[in-house]
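> 1163 is the number of the first residue of the sequence shown in this note's numbering; add one for each residue after it.
Where is the CB? At the ideal position from N, CA and C, for every residue including glycine.
Note that this is a predicted model, so its numbers are computed, not measured.
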Amino acid sequence: MPVIIGSGLLAKSFASRFQDDSSVVIFASGVSNSLESRPEAFEREREMLQGALAATDAKLVYFGSCAVGNVDEQPSPYLSHKRQMEEAVLKSGHGLVLRLPQVVGRSGNPNTLGSFIRDCLLTGRHFSIWRNAERNLMDVEDIVKIAEVMIARHEGAAFSIASRHSIAMPQLVSIFEEVLGVKADFSLVEKGTPMVIDSREAEAVADEIGIDLGADYARKVIRKYYGAAD
(Lines of atoms letter the chains of each structure in order from A and count residues from 1; the text may use other names and numbers.)
(Lines give C-alpha, C1' and ligand atoms only; values in the text may rest on other atoms or scores of the structure.)
Protein backbone atom coordinates (compact mmCIF):
# COMPACT_ATOMS: atom_id res chain seq x y z
CA MET A 1 0.00 0.00 0.00
CA PRO A 2 1.17 3.61 -0.48
CA VAL A 3 2.98 5.19 2.45
CA ILE A 4 1.37 8.57 1.68
CA ILE A 5 -2.42 8.39 1.50
CA GLY A 6 -3.89 11.59 0.11
CA SER A 7 -3.08 14.28 -2.45
CA GLY A 8 -3.67 17.58 -0.66
CA LEU A 9 -1.40 20.04 1.12
CA LEU A 10 -0.57 17.75 4.06
CA ALA A 11 0.11 14.74 1.88
CA LYS A 12 2.40 16.67 -0.44
CA SER A 13 4.21 18.33 2.45
CA PHE A 14 4.87 15.05 4.27
CA ALA A 15 5.85 13.23 1.09
CA SER A 16 9.19 15.02 0.91
CA ARG A 17 10.21 13.35 4.16
CA PHE A 18 8.24 10.10 4.36
CA GLN A 19 7.56 8.89 0.81
CA ASP A 20 10.49 6.47 0.98
CA ASP A 21 9.97 5.40 4.61
CA SER A 22 8.06 2.10 4.64
CA SER A 23 7.92 2.07 8.46
CA VAL A 24 5.39 4.93 8.50
CA VAL A 25 2.07 5.45 6.72
CA ILE A 26 0.85 9.05 6.50
CA PHE A 27 -2.95 9.09 6.34
CA ALA A 28 -3.69 12.56 4.95
CA SER A 29 -6.97 11.88 3.20
CA GLY A 30 -10.57 12.21 4.24
CA VAL A 31 -12.92 14.84 5.64
CA SER A 32 -11.19 18.18 6.21
CA ASN A 33 -14.15 20.58 6.13
CA SER A 34 -15.32 21.20 9.71
CA LEU A 35 -18.78 22.14 8.37
CA GLU A 36 -19.23 18.76 6.67
CA SER A 37 -22.38 16.89 7.72
CA ARG A 38 -23.01 14.34 4.96
CA PRO A 39 -22.91 10.76 6.31
CA GLU A 40 -21.49 9.45 3.03
CA ALA A 41 -18.45 11.74 3.36
CA PHE A 42 -17.71 10.41 6.84
CA GLU A 43 -18.29 6.82 5.79
CA ARG A 44 -15.86 7.19 2.88
CA GLU A 45 -13.06 8.21 5.26
CA ARG A 46 -14.04 5.52 7.77
CA GLU A 47 -13.75 2.77 5.16
CA MET A 48 -10.47 4.16 3.81
CA LEU A 49 -8.93 4.40 7.29
CA GLN A 50 -10.08 0.95 8.37
CA GLY A 51 -8.65 -0.49 5.18
CA ALA A 52 -5.32 1.23 5.72
CA LEU A 53 -5.08 0.05 9.33
CA ALA A 54 -5.84 -3.53 8.31
CA ALA A 55 -3.43 -3.53 5.37
CA THR A 56 -0.24 -2.64 7.23
CA ASP A 57 1.63 -3.11 10.48
CA ALA A 58 3.55 0.13 9.91
CA LYS A 59 2.97 3.08 12.21
CA LEU A 60 -0.04 4.92 10.81
CA VAL A 61 -0.19 8.66 11.41
CA TYR A 62 -3.70 10.13 11.43
CA PHE A 63 -4.35 13.87 11.44
CA GLY A 64 -7.10 14.84 13.83
CA SER A 65 -8.41 18.24 14.84
CA CYS A 66 -7.27 20.33 17.80
CA ALA A 67 -10.96 21.10 18.32
CA VAL A 68 -11.47 17.51 19.48
CA GLY A 69 -9.43 18.28 22.59
CA ASN A 70 -11.17 21.60 23.28
CA VAL A 71 -13.83 21.19 25.98
CA ASP A 72 -15.39 24.53 24.99
CA GLU A 73 -15.96 23.48 21.37
CA GLN A 74 -19.58 22.93 20.39
CA PRO A 75 -20.47 19.36 19.33
CA SER A 76 -20.84 18.75 15.60
CA PRO A 77 -21.07 15.80 13.19
CA TYR A 78 -17.51 16.56 12.06
CA LEU A 79 -16.03 16.47 15.57
CA SER A 80 -17.96 13.33 16.47
CA HIS A 81 -16.56 11.67 13.37
CA LYS A 82 -13.00 12.79 14.09
CA ARG A 83 -13.22 11.40 17.63
CA GLN A 84 -14.34 8.04 16.26
CA MET A 85 -11.48 7.97 13.76
CA GLU A 86 -8.98 8.83 16.49
CA GLU A 87 -10.30 5.97 18.63
CA ALA A 88 -9.93 3.52 15.75
CA VAL A 89 -6.32 4.58 15.16
CA LEU A 90 -5.37 4.36 18.83
CA LYS A 91 -7.06 0.98 19.29
CA SER A 92 -5.19 -0.46 16.31
CA GLY A 93 -1.99 -0.78 18.33
CA HIS A 94 0.14 0.82 15.61
CA GLY A 95 -1.23 4.33 15.22
CA LEU A 96 -0.40 7.88 16.21
CA VAL A 97 -2.85 10.80 16.20
CA LEU A 98 -1.54 14.29 15.53
CA ARG A 99 -4.23 16.91 16.06
CA LEU A 100 -3.80 20.01 13.92
CA PRO A 101 -5.21 23.55 14.05
CA GLN A 102 -5.55 25.86 11.03
CA VAL A 103 -2.90 24.57 8.61
CA VAL A 104 -1.39 27.28 6.38
CA GLY A 105 0.61 26.64 3.21
CA ARG A 106 0.67 27.12 -0.54
CA SER A 107 -2.20 24.83 -1.41
CA GLY A 108 -4.00 26.84 -4.09
CA ASN A 109 -7.23 26.15 -2.19
CA PRO A 110 -9.40 29.30 -2.24
CA ASN A 111 -11.66 27.94 0.51
CA THR A 112 -9.20 28.13 3.41
CA LEU A 113 -9.76 30.71 6.14
CA GLY A 114 -6.67 32.70 5.18
CA SER A 115 -7.57 32.78 1.50
CA PHE A 116 -11.11 33.85 2.35
CA ILE A 117 -9.99 36.76 4.53
CA ARG A 118 -7.30 37.86 2.04
CA ASP A 119 -9.71 37.76 -0.90
CA CYS A 120 -12.38 39.70 1.01
CA LEU A 121 -9.86 42.42 1.84
CA LEU A 122 -8.44 42.65 -1.67
CA THR A 123 -11.87 42.77 -3.32
CA GLY A 124 -13.52 44.99 -0.72
CA ARG A 125 -16.16 42.35 -0.04
CA HIS A 126 -18.12 42.59 3.21
CA PHE A 127 -17.94 39.60 5.53
CA SER A 128 -18.90 38.59 9.06
CA ILE A 129 -16.75 37.08 11.80
CA TRP A 130 -17.50 35.65 15.22
CA ARG A 131 -16.23 38.04 17.89
CA ASN A 132 -15.33 35.36 20.45
CA ALA A 133 -14.04 32.68 18.09
CA GLU A 134 -10.32 31.91 18.09
CA ARG A 135 -8.05 30.26 15.54
CA ASN A 136 -4.57 28.83 15.82
CA LEU A 137 -2.40 29.05 12.70
CA MET A 138 0.47 26.66 11.92
CA ASP A 139 2.83 26.75 8.96
CA VAL A 140 2.65 23.34 7.27
CA GLU A 141 6.43 23.32 6.94
CA ASP A 142 6.78 23.65 10.71
CA ILE A 143 4.16 20.95 11.23
CA VAL A 144 6.25 18.51 9.18
CA LYS A 145 9.42 19.33 11.13
CA ILE A 146 7.74 18.94 14.53
CA ALA A 147 5.79 15.86 13.45
CA GLU A 148 8.93 14.12 12.22
CA VAL A 149 10.36 14.19 15.75
CA MET A 150 7.08 13.16 17.38
CA ILE A 151 6.55 10.29 14.93
CA ALA A 152 9.99 8.92 15.79
CA ARG A 153 9.28 9.09 19.52
CA HIS A 154 5.64 8.15 20.00
CA GLU A 155 2.99 5.58 19.18
CA GLY A 156 -0.46 4.80 20.56
CA ALA A 157 -1.13 8.36 21.69
CA ALA A 158 -2.70 11.63 20.56
CA PHE A 159 -0.89 14.97 20.56
CA SER A 160 -1.76 18.46 19.36
CA ILE A 161 0.65 20.44 17.19
CA ALA A 162 -0.15 24.13 17.56
CA SER A 163 1.42 27.49 18.23
CA ARG A 164 1.45 28.83 21.77
CA HIS A 165 -1.22 31.46 21.15
CA SER A 166 -4.68 31.10 19.65
CA ILE A 167 -5.93 34.36 18.15
CA ALA A 168 -9.36 35.97 18.36
CA MET A 169 -10.90 36.50 14.95
CA PRO A 170 -10.94 40.32 15.16
CA GLN A 171 -7.20 40.26 15.92
CA LEU A 172 -6.61 37.86 13.05
CA VAL A 173 -8.38 40.20 10.63
CA SER A 174 -6.33 43.09 12.03
CA ILE A 175 -3.11 41.23 11.19
CA PHE A 176 -4.31 40.69 7.63
CA GLU A 177 -5.11 44.41 7.39
CA GLU A 178 -1.59 45.22 8.55
CA VAL A 179 0.10 42.75 6.20
CA LEU A 180 -1.95 43.69 3.13
CA GLY A 181 -2.28 47.40 3.85
CA VAL A 182 -6.03 47.22 3.26
CA LYS A 183 -8.93 48.00 5.58
CA ALA A 184 -11.45 45.19 6.04
CA ASP A 185 -15.21 45.66 5.70
CA PHE A 186 -16.68 43.26 8.24
CA SER A 187 -19.35 42.81 10.89
CA LEU A 188 -18.96 41.20 14.29
CA VAL A 189 -21.35 38.45 15.38
CA GLU A 190 -21.66 37.70 19.09
CA LYS A 191 -20.73 34.04 18.78
CA GLY A 192 -17.73 31.76 19.17
CA THR A 193 -15.62 30.16 21.90
CA PRO A 194 -11.94 30.27 22.88
CA MET A 195 -9.63 27.70 21.27
CA VAL A 196 -7.82 26.05 24.17
CA ILE A 197 -5.11 23.63 23.01
CA ASP A 198 -2.73 21.53 25.08
CA SER A 199 0.28 21.46 22.77
CA ARG A 200 3.04 21.22 25.37
CA GLU A 201 4.70 18.23 23.73
CA ALA A 202 4.86 19.93 20.33
CA GLU A 203 6.02 23.19 21.89
CA ALA A 204 8.89 21.35 23.61
CA VAL A 205 9.90 19.78 20.30
CA ALA A 206 9.70 23.17 18.58
CA ASP A 207 12.00 24.67 21.20
CA GLU A 208 14.37 21.75 20.75
CA ILE A 209 14.68 22.16 16.98
CA GLY A 210 14.63 25.95 16.93
CA ILE A 211 11.09 26.88 15.83
CA ASP A 212 9.69 29.96 17.57
CA LEU A 213 5.97 29.45 18.25
CA GLY A 214 5.70 32.62 20.32
CA ALA A 215 3.41 35.64 20.28
CA ASP A 216 4.41 36.85 16.78
CA TYR A 217 4.12 33.46 15.10
CA ALA A 218 0.74 34.03 13.42
CA ARG A 219 1.88 37.36 11.97
CA LYS A 220 4.98 35.72 10.48
CA VAL A 221 2.90 32.93 8.94
CA ILE A 222 0.37 35.35 7.44
CA ARG A 223 3.12 37.56 6.06
CA LYS A 224 4.86 34.52 4.54
CA TYR A 225 1.85 33.09 2.74
CA TYR A 226 -0.52 36.04 2.25
CA GLY A 227 1.78 39.06 1.99
CA ALA A 228 1.86 41.39 -1.00
CA ALA A 229 4.59 39.34 -2.67
CA ASP A 230 2.45 36.20 -2.56
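Per DSSP, what are the beta-bridge partners of N1268 in this structure?
This sequence places Arg at residue 1268; Asn is not what is there. Partner(s): none; R1268 has no beta bridge.
> Relative to the ligand MN, is the shortest distance from any of its heavy atoms to the C-beta of W1292 smaller than 8 Å?
Absence of the ligand MN from the depicted structure is noted, as is the absence of any ligand whatsoever, leaving it without description.
> For D1374, is the classification buried or exposed, using 16 other Cβ atoms within 10 angstroms of its Cβ as the cut-off for buried?
With fewer than 16 Cβ atoms within 10 Å of its Cβ, D1374 is classed as exposed.
> Over the uninterrupted alpha helix (DSSP H) stretch that includes G1276, give me the two end residues.
It spans L1275 to T1285 - the alpha helix (DSSP H) in which G1276 sits, taken as one unbroken run.
> Could you check where the alpha helix (DSSP H) with R1315 kicks off and where it finishes?
From DSSP, the alpha helix (DSSP H) with R1315 extends over V1302 to R1315.
> Flag this pair as yes or no: are the beta carbons of C1228 and L1197 separated by less than 9 Å?
Going by C-beta atoms, C1228 is not nearer than 9 Å to L1197.
> Rounded to whole angstroms, what's the CA-CA distance from Y1388 to R1315? Just pull it up for me.
Going by the C-alpha atoms only, they are around 33 Å apart.
> Tell me the start and end of each unbroken alpha helix (DSSP H) in the segment 1184-1224 that is at least 4 residues and wholly inside, in chain order.
Listed in chain order, the complete alpha helix (DSSP H) runs (minimum 4 residues) inside the segment 1184-1224 are 1201-1217.
> I1312 and E1248 look like a contact to me (Cβ under 8 Å); what is the Cβ gap, rounded to whole Å?
One point to set straight first is that residue 1312 is Met, not Ile, in the sequence displayed. In fact, because the Cβ distance is near 15 Å, the residues do not count as touching under 8 Å.
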